[in-house]
Structure formats: C-alpha cells, structure tokens
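Position 439 (the sequence shown) corresponds to 474 in the numbering used here; numbering is contiguous. Every residue gets a Cβ at the ideal spot worked out from N, C-alpha and C, and that includes glycine. Encoded as structure tokens, the structure appears first; notes follow it.
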Amino acid sequence: MSLRQLATVALLTTALTACAPADTDMPTTPETSSITAADLGRRIERLASDEFEGRAPGTKGGQLASQYIADEMKAAGLKPMGKDGTYFQPITLTEMTVQDGSFMQIAKDGGETTEYVMQDNAVFWTKRYTESATVEDSDLVFVGYGVVAPEYGWNDYAGMDVKGKTVVMLVNDPGFATKDEALFKGNAMTYYGRWTYKFEEAARQGAAAAIVIHETEPASYGWDVVSGSWSGAQIDLVRPDKGASRTALEGWLTVEASQKLFEDAGLDFAEQKAAASTKGFKPVPMPGLKLSAQINNTISTVESRNVVGGVTGEKHPDEYVLYMGHWDHLGKKDGEEGEDTIHNGAVDNATGTSAIIEIGEAFAQQDNLDRSVIIVAVTAEESGLLGSAYYAEDPIVPLEKTVAGINIDGVLPVGRTKDMIVVGYGASELDDRLKAIIEPKGMYVTPDPNPQAGYYYRSDHISLAKKGVPMLYADSGVDHEINGREYGEKFGEEYVKERYHRPGDEYNHTWDLTGLEQLSINFFELGLDIANTEQWPNWYEKAEFRTLRDEMLK
Numbered sequence: 036m037s038l039r040q041l042a043t044v045a046l047l048t049t050a051l052t053a054c055a056p057a058d059t060d061m062p063t064t065p066e067t068s069s070i071t072a073a074d075l076g077r078r079i080e081r082l083a084s085d086e087f088e089g090r091a092p093g094t095k096g097g098q099l100a101s102q103y104i105a106d107e108m109k110a111a112g113l114k115p116m117g118k119d120g121t122y123f124q125p126i127t128l129t130e131m132t133v134q135d136g137s138f139m140q141i142a143k144d145g146g147e148t149t150e151y152v153m154q155d156n157a158v159f160w161t162k163r164y165t166e167s168a169t170v171e172d173s174d175l176v177f178v179g180y181g182v183v184a185p186e187y188g189w190n191d192y193a194g195m196d197v198k199g200k201t202v203v204m205l206v207n208d209p210g211f212a213t214k215d216e217a218l219f220k221g222n223a224m225t226y227y228g229r230w231t232y233k234f235e236e237a238a239r240q241g242a243a244a245a246i247v248i249h250e251t252e253p254a255s256y257g258w259d260v261v262s263g264s265w266s267g268a269q270i271d272l273v274r275p276d277k278g279a280s281r282t283a284l285e286g287w288l289t290v291e292a293s294q295k296l297f298e299d300a301g302l303d304f305a306e307q308k309a310a311a312s313t314k315g316f317k318p319v320p321m322p323g324l325k326l327s328a329q330i331n332n333t334i335s336t337v338e339s340r341n342v343v344g345g346v347t348g349e350k351h352p353d354e355y356v357l358y359m360g361h362w363d364h365l366g367k368k369d370g371e372e373g374e375d376t377i378h379n380g381a382v383d384n385a386t387g388t389s390a391i392i393e394i395g396e397a398f399a400q401q402d403n404l405d406r407s408v409i410i411v412a413v414t415a416e417e418s419g420l421l422g423s424a425y426y427a428e429d430p431i432v433p434l435e436k437t438v439a440g441i442n443i444d445g446v447l448p449v450g451r452t453k454d455m456i457v458v459g460y461g462a463s464e465l466d467d468r469l470k471a472i473i474e475p476k477g478m479y480v481t482p483d484p485n486p487q488a489g490y491y492y493r494s495d496h497i498s499l500a501k502k503g504v505p506m507l508y509a510d511s512g513v514d515h516e517i518n519g520r521e522y523g524e525k526f527g528e529e530y531v532k533e534r535y536h537r538p539g540d541e542y543n544h545t546w547d548l549t550g551l552e553q554l555s556i557n558f559f560e561l562g563l564d565i566a567n568t569e570q571w572p573n574w575y576e577k578a579e580f581r582t583l584r585d586e587m588l589k
C-alpha cells in the first residue's frame, strides 16, 4: 500500500496496539465458520517475519514469501491456476536507475538556460527500456490538465499536434480546481486527474516529453513524496515494445520552477491555470523555450511472480469472482550497524494477503457454488501496481468472464467497527451489493472521506478497473464498536506517523484482529452473493470505466 492511499484512509480508519482486549466472539454461519482471527494472525505473523526480509520482489525473501503463499493456498484447498499447473504467474521486472551525468534543461531564445536539479526542483526518468534516452530542442506546449475525456466533452489537446513536443500539464482535473460539480466529478478526483493517466495520454498524442506540475493540494502529497518516490532504482514491467511507445522523458517540476518556466515563456501561470479549468480550453504554445535532456540508465532484470489459486463453480464455471491483494513490501534498506532495516509490512499488506487466502479457504469448503472464484496475490504493488498491471494485460481468466473483483490492501488491527469505508464510493453497483450484506448486521457504509485525493486510483484494483472490470476497494471503518469513532481515527493517525513504510510495521501479538475477521466475512458473503446471483454488477452510468465494460460484454 502506498502513502498516497493510506495517508487518508488509514488516518480515518484504524491503528495499532494499546487497545483494551476485545470480545472475540464473532457471529458466523456454517459458510464463514472457517474465517477466524487466529488463522489470519498466524499467516500475518509468518508473512511479516524477518525470514522473508520484507518481501521485496526479486529477492530471496520475496521468493520464500511467494512460495509460502502458494503452500497456504494449497492447504486451504485452492486449486493451482498459474503456469504449467503451478500456483505461479511468472513476471520479469526491469530495474532502471538514472545515473549521474543525466540532465534536463530548458533554453530560452536569446537568454539563459535553466538546468534542473534532481530531487531539488525536478525529477525525471524514462520508461523506455534503454541505457540512454535523448530529447533535443523540443518545443514546449501547455496542455492544461492533459485530459482527453469524450464523456465529459473535454479535449486538452484539441487543435494541436504535439508530436515531438514537450507537454506541460497540471495535476488533478478541472473539477477539483473549480469545485464545480458540473465539471467531471467536482471535487472528487477522476482517473483523468492521476499522473499515470497524464503520462499515458501524452504518449498516445506522440509527445517527446511530458512534465507534470506539482502542487501539494491537488496532488494530495508534498514534494518530498515526489522526490522520494522517483529517486534510486525504478522497477517496471518488461513490456512487449520495451517502452518504445512511451515519451522519451517523463517528469515533475515543483510549482516554483513551473512559475519561472511560464514567466520565461511570457505567460502568467495563474491566468493559464484558471483558463485550463474552462471548457473549451485550447493548448498554449510556450514560445521561445526548448527542452533538451539526456537520461543515462543502468538496467537489470529481476524475476518475481503473482500467486494464483481458485475454486471451480458448478453452474457457470467459466465465470469468476476475483479477490486480489498484494504480497510484496519494501524489503531491506541500508542502515547503521545494529539498526533494524527490514520493512516487514505486517499491515501493508500481510493483512490483505492473509485475508484473501482465508476467504479462498471458505469458498473451497462451499457447496453449491454457481460461479468460480479466483484468488490473486500480486507482486510489485509498491513499485507501481506492476503485478496487477501484468495480470490485467495477461489475465489467467478472461476479463470479459471476470464478473467483479474485490481488493484488500492494508487493514489495520483496530477491532470490529460499525462501518466500512468504501474508497471511490459511487463508482459501481458493488457499493449497493456491499450495503445489502452489512446493513442487516447493523453496519453502515462510510463514503470515501477524501475523494479529491483519488485514492481509488492508487491500489491494485485500478489495473483491472481500467480494463472495465467492476472493482470494489473497501476497508474496515472508523466507528469502533465499543470505543467509538475518535478511537479509530487516533489509532490510524498513530500507524501512519509511526509505522507506515517503516521497519516498525511489524506483527504484534496484542493486535485485535476481529476487525479483519469481520471484514473477511463481509467480503466472503459479498463474493458469495455475486457468485450465486444471475445479475452481473456494473459501473454506474457516469463512471469513466462504464463504456469499457459495456463494450466488453457486447
């Protein structure tokens, strides 16, 4: 799980330790009696042990962890669904590191040349699988938010051929900028607001380079997150075209560097930003400026794997309900002698990995299952959702036969709550199906507390959602059954502050895992409902992935 997603959901969700002992009697049915906090804790403890060295992809610890997951799937009664009768879907990952001597600069006609400093006022890289990528004297164009969204009648590239040019664009989308509910989804971020989309669209438009302007509020994170995330080795998939279809350079600029850039072009940054939020915006050339860059990489490859098991249904065995959670974490980092350098990732995401196996075991014991179930523990989430992206491109089950999916990522051990948080609430009919499961239990759904941050687009489920598959991303809530909302919020804050993406994210025997048990039961019952009812859930009408799904099912 990334800080992008946890910084709000975990702040409002749950936390660690120091809680009063909880009532461990959970209401179960014969179908859910195998789902227990004890089983969940046993797996979390093992997955987060030092034996697996933080579960980094391509490492000894990562291989050991994925083998353990396969062994647990087998013990749970799940059939292997990977390559050659195994539980594994092998993935080759590339690791590229920008070397000293790389540069990015923008020259002004008749004036100075600005050279940008990595991590200071810029970060830049290439997604092309090459030791050297070059951009020479590329004209700059401001393309607003860099969005092409036919369903919203929006095209920031209209009337401009940007082939060979450098596109400069804002983060987030016009709805957030204006808070106008008539634009996109208003304050709630759409996928068009994500930097991942912006770089992809720039490549589709034929740009030579693509630069996103960082601002903390619309990005929902500070420059320190940007500079830290794009420093050191960058892991990616080895794509069929070796990244040739991507722009030669992708990067971010600080807002201060961007303001100077606009000034050098004779443009007012504030005025252009305001214009970019107006329907009918047209791209704006940045006269007299040319970008040149040289990116030198060291390249290596590592092998990792998704772990996949399943249960076969009886009536529609070729139709599947999918559960997903990432097994990887950050591995070992450099540190002083005697310092704990293993990032164990107990919450992130040994919890989710344990939960999907536990849910799979319940399905393996289920009689009269109409549809099949597939359990996918994906790798390399922490490197950019790569394991799920690979699965989406090379699915074991055809996506048009994947009825719906549920992603579990980073469930903090707060104990049972009265609510569940649905991240990206209002995206699909899965919201209604979840309500139908939990409301008879006296629980309720809490909508995404910070929709403007776009957390729905920042975990593994988005890889399948982008292909059209309806995906639910929900978490345990904040309203603790006994201690109330303030208790849950405080514990979530403590986790983010003290343990998130740190060696301190370790298993603790005092954890109250009845909340994870509660969530696992709810998600099992939701999946069982989807598996045994005729109606396929779909995206809501205005969701950006609805058209993809409708086309897929024609």
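Can you name the residues that DSSP bridges to Asp174?
Asp174 is bridged to Lys325.
Taking 7 Å as the limit between beta carbons, can you name the residues of its chain near Phe590, skipping five residues before and five after?
Absent from the structure is residue 590, since the part of the chain shown begins at 36 and ends at 589.
Are at least three pairs of beta-carbons, each pair with one atom in the region 314-330 and one in the region 92-112, less than 8 Å apart?
Judged by Cβ distances under 8 Å, the region 314-330 makes no contact with the region 92-112, as fewer than three pairs qualify.
CB-CB under 7 Å to Ser293, same chain, minus the five flanking residues each way: which ones, in chain order?
Within the same chain, Ser293 has close Cβ partners Ile248, Phe304.
Sorted by chain position, which residues of the same chain lie with C-beta nearer than 7 Å to Thr59's C-beta, five sequence neighbours on each side aside?
Summary for Thr59: the model assigns pLDDT 42, below 50, so the residue's position carries little reliability; its value from the coordinates is reported in the next sentence. So the qualifying residues of the chain are Ala72, Thr549.
Rounded to whole angstroms, what is the Cα-Cα separation between Ala245 and Ala300?
Between Ala245 and Ala300, the C-alpha separation is close to 17 Å.
Mapping the DSSP letters down to three states, classify Pro209 as helix, strand or coil.
Note: Pro209 maps to helix in three-state DSSP.
Tell me whether Asn403 is buried or exposed, calling it buried when 16 or more other Cβ atoms sit within 10 Å of its Cβ.
Flag for Asn403 reads exposed.
Reference Phe297, options Asp495, Ala142, Asp405, closest by Cα
In terms of CA proximity to Phe297, Ala142 leads the group Asp495, Ala142, Asp405.
Alpha carbon to alpha carbon, how far is Thr231 from Trp265? Give it in angstroms, no decimals.
Near 13 Å, if we compare the C-alpha coordinates of Thr231 and Trp265.
Should Lys118 go down as buried or exposed, given a rule of 16 or more other Cβ atoms within 10 Å for buried?
In summary, Lys118 is exposed, with fewer than 16 beta-carbon neighbours lying within 10 Å of its beta-carbon over all protein chains present.
Measuring only the C-alpha atoms, how far is Gly477 from Glu435?
A straight-line Cα-Cα distance of about 35 Å links Gly477 and Glu435.
What is the C-beta distance between His536 and Leu365, in whole angstroms, given that I count them as a contact (C-beta under 8 Å)?
Contact between His536 and Leu365 holds, since their C-beta atoms are separated by about 6 Å, short of 8 Å.
Straight-line Cα distance separating Gly97 from Gly360
Gly360 and Gly97: Cα-Cα distance of roughly 15 Å.
Can you give me the C-alpha to C-alpha distance between Gly544 and Gly136, rounded to a whole angstrom?
First, the amino acid is wrong: residue 544 is His here, not Gly. Rounded to the nearest angstrom, the two C-alpha atoms are 49 Å apart.
Taking 8 Å as the threshold, find out whether the region 518-528 comes into contact with the region 468-483 through three or more Cβ pairs.
Counting Cβ pairs under 8 Å, fewer than three are found: no touch.
In terms of residues, what are the limits of the beta strand (DSSP E) holding Met506?
First-last of the beta strand (DSSP E) with Met506: 506-511.
As assigned by DSSP and simplified to three states, the class of Asn543
Asn543: coil per DSSP, three-state reduction.
With a threshold of 16 other CB atoms inside 10 Å of the CB of Gly267, please say whether the residue is buried or exposed.
Label assigned to Gly267: exposed.
Assign Ser312 to one of three DSSP states: helix, strand, or coil.
Taken through DSSP and simplified to helix, strand or coil, Ser312 comes out as coil.
Tell me Thr165's beta-bridge partners as DSSP assigns them.
Paired residues: none, contrary to the question.
When DSSP labels each residue in this structure, what does Pro352 get in the three-state scheme?
Three-state result, Pro352: strand.
First and last residue of the uninterrupted alpha helix (DSSP H) at Asn557:
Unbroken alpha helix (DSSP H) run through Asn557: 549-566.
What separation, rounded to the nearest whole angstrom, lies between the Cα atoms of Ser262 and Arg581?
Looking at the two C-alpha atoms, the distance is approximately 34 Å.
Nonlocal neighbours in the same chain, by C-beta distance under 6 Å from Val382, ignoring five residues either side:
Here the set comprises Gly445, Leu447, Asp540.
The region 216-235 touching the region 340-353, judged by at least three CB pairs closer than 8 Å:
These segments do not touch.
May I ask which residues mark the beginning and end of the beta strand (DSSP E) holding Thr286?
One detail in the question is off: residue 286 reads as Gly in this sequence, not Thr. Gly286 -> beta strand (DSSP E) spans 284-288.
Residues that Asp454 bridges to, as DSSP identifies them:
Note: Asp454 sits in a beta bridge opposite Tyr479.
Just to confirm my understanding: we take Ser555, look at its own chain, exclude 5 residues before and 5 after, and list those with CB closer than 6 Å. What are they?
If the five residues before and after Ser555 are omitted, its C-beta is found closer than 6 Å to the C-beta atoms of Ile70, Ala390, Glu393, Ile394, all from its own chain and listed in chain order.
Which same chain residues end up closer than 7 Å to Asn614 when comparing Cβ atoms and leaving out the 5 residues on each side of it in sequence?
Within the shown structure, residues of the chain are numbered from 36 to 589, placing residue 614 beyond reach of any answer.
What separation, rounded to the nearest whole angstrom, lies between the Cα atoms of Ala462 and Gly370?
Roughly 43 Å between the two C-alpha positions.
Given this structure, state the Cα-to-Cα distance separating Glu250 from Val260, to the nearest angstrom.
Straight-line Cα distance between these residues: approximately 12 Å.
Backbone secondary structure at Tyr192 - three-state DSSP
Coil at Tyr192, not helix or strand.
Thinking C-alpha only, which one of Tyr425, Glu396, Gly241, Gln329 is nearest Arg3?
A question about residue 3 goes unanswered here, because the residues of the chain that appear run from 36 up to 589.
From the DSSP output, in three-state form, read off Arg584 for me.
Under the three-state reduction of DSSP, Arg584 is assigned to helix.
Reference Trp574; option with closest CA among Glu417, Glu528, Met506, Arg520
Answer by Cα proximity: Met506.
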